[in-house]
Amino acid sequence: MERIFTIIYLFTFLAIGNAQEVNKKVGDKIYGDFNGDGKFEYAFRVLTKKGQGNPVENGSPDEYELKFSDKNIKPIRDDFYWFTLINEGDLDNDGSDEISVREEPMNGCIGIVKTFTIKNGKSSYLFEPFSFYRGTCDNNMNIDAQDLVENDNENVYYYEYNADADLEPNKGYSVNSKGKKIFGKKIKAFENKPLVKNSNVVLKNLKSIKDENYFGNGTGTGMIDNSLSIRKAIVKPTPNSNCNEYGKVVVEIVVDKDGNVIKAIAGVKGSTNNSKCLLIASKETALKTKYEPLKTGDFNQKCEITYNYTFEK
């Protein structure tokens, strides 16, 4: 039996909005795919009620909520006061970005962090909120918002303020993966479900008995550039798939300024076969694709790669 794969690279590069906004991961407004639908949206802070007087002296703080540019995502209301948003990336490997809301202290140096995940249109805590030490109280140690939650693709950790550290300052610090000192205790939030690292093993497990009659590593017929494209693919791998499937899989990707594919979502609109076997092969191949670096600018771009799978007996 001979199996033939046809791979068509169809690129539509778009500088999404303002280049500075696309890369914005921390601030009053952040950008990402927060509900896992393959589309990118903004999340932003909105004032809902103006406070009165001093909130720690019989007054009331300003109140806020978290809204999204995608109207299909419900606003998140959680008795927020002034906060900074952080796109934490895909912490639980489910295809969507998680959001941390870092609420600044109303008074003093201890604030709170709430990390949300959105699944099936509903938001919830990914893990329990935790307190953090903002810094600038006596020791001038500023803590960056994005340093408080970490993901090593095997475990997710957070750094919680350690009250005992006030009594034992030399024991109150942790060092994060960036080598930065944090006034808090490193705590394991959860053990992550593994990413797919070896497609050959996964695909072998997914094969049916009749798949044993099909072989082939896949060959590409070339690349078709859209007229809007300003960058070319310089590394164009083809899927190494033994799936007994045929059809078209469209993969939406995000390419950084250096030409690396930093995100891939297989099976978006336009796909004709969303079998798990083809989706895994297509996503892993897309992530290995490499593009020309940007000559000017510092922003990410979206495009699509289309893989057409055919076979002959």
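265 is the number that numbering that gives the first Met the number 0 gives to position 266 of the sequence shown; each next residue is one higher, with no gaps.
Where a beta carbon is used, it is the ideal one built from N, C-alpha and C, also for glycine.
None of these values were measured; they are calculated from a predicted model.
Q: Could you say which of 30, 133 and 281 lies nearest to residue 245 if we only look at CA atoms?
A: 281
Q. Going by the CB atoms, is the gap between residue 101 and residue 85 shorter than 8 Å?
A. yes
Q | Distance between residue 302 and residue 43 (C-alpha atoms, nearest Å) | A | 25 Å
Q: Assign residue 147 to one of three DSSP states: helix, strand, or coil.
A: coil
Q: Output the boundary residues of the alpha helix (DSSP H) element that contains residue 108.
A: That residue, residue 108, is in no alpha helix (DSSP H); it is neither H nor E in DSSP.
Q. Going by alpha carbons, who is nearest to residue 180 out of 155, 279 and 132?
A. Considering only alpha carbons, the answer is 132.
Q. Residue 274 by DSSP, collapsed to three states: which one?
A. coil
Q.
Can you tell me whether residue 75 is helix, strand or coil according to DSSP?
A. strand
Q | Cβ separation of residue 250 and residue 264, assumed to be a contact under 8 Å, to the nearest whole Å | A | About 7 Å separates the beta carbon of residue 250 from that of residue 264, a gap short enough to meet the 8 Å contact definition.
Q | Uninterrupted beta strand (DSSP E) stretches inside the region 40 to 92 (no shorter than 3 residues) | A | 40 to 48, 62 to 67, 75 to 79 and 82 to 88
Q. In angstroms, rounded to a whole number, what distance separates the CA positions of residue 313 and residue 88?
A. The question about residue 313 has no answer here: the residues shown for the chain are numbered 0 through 312.
Q. Excluding sequence positions up to five away, which residues of its chain have a Cβ less than 8 Å from the Cβ of residue 285?
A. 250, 252, 260, 263, 265 and 304
**Q.** C-beta atoms of residue 291 and residue 258 nearer than 8 Å
**A.** yes
Q | Nearest candidate by alpha-carbon position, reference residue 105, set 233, 271 and 130 | A | 130
**Q.** Beta-bridge partners of residue 101, as assigned by DSSP
**A.** 83 and 112
Q | Exposed unless 16 or more other CB atoms sit within 10 angstroms - verdict on residue 78 | A | exposed
Q) Alpha carbon to alpha carbon, how far is residue 25 from residue 243? A) 44 Å
Q) In three-state DSSP terms, what is residue 190? A) In this structure, residue 190 counts as strand in the three-state DSSP scheme.
Q) How do the region 25 to 40 and the region 62 to 73 stand: do at least 3 beta-carbon pairs fall below 8 Å, yes or no? A) Under the 8 Å Cβ criterion, the region 25 to 40 counts as touching the region 62 to 73, having at least three qualifying pairs.
**Q.** Bounding residues of the beta strand (DSSP E) (the contiguous stretch that carries residue 302)
**A.** 300 to 308
Q: Taking all protein chains shown into account, decide if residue 57 is buried (16 or more other Cβ within 10 angstroms of its Cβ) or exposed.
A: exposed
Q: Report the option in 237, 307, 147 and 300 whose CA atom is closest to the CA atom of residue 287.
A: Checking every option, the nearest Cα to that of residue 287 belongs to 237.
Q) Around the Cβ of residue 220, are there at least 16 other Cβ atoms within 10 angstroms (buried) or fewer (exposed)? A) Below a pLDDT of 50, predicted positions are generally treated as unreliable, and residue 220, at 32, falls in that range; no measurement from the model is reported.
Q: Compute the Euclidean distance between the alpha carbons of residue 51 and residue 62, then round it to the nearest angstrom.
A: 11 Å
Q: Go ahead and pull the three-state DSSP assignment for residue 181.
A: strand
**Q.** residue 95 - DSSP class collapsed to helix/strand/coil
**A.** coil
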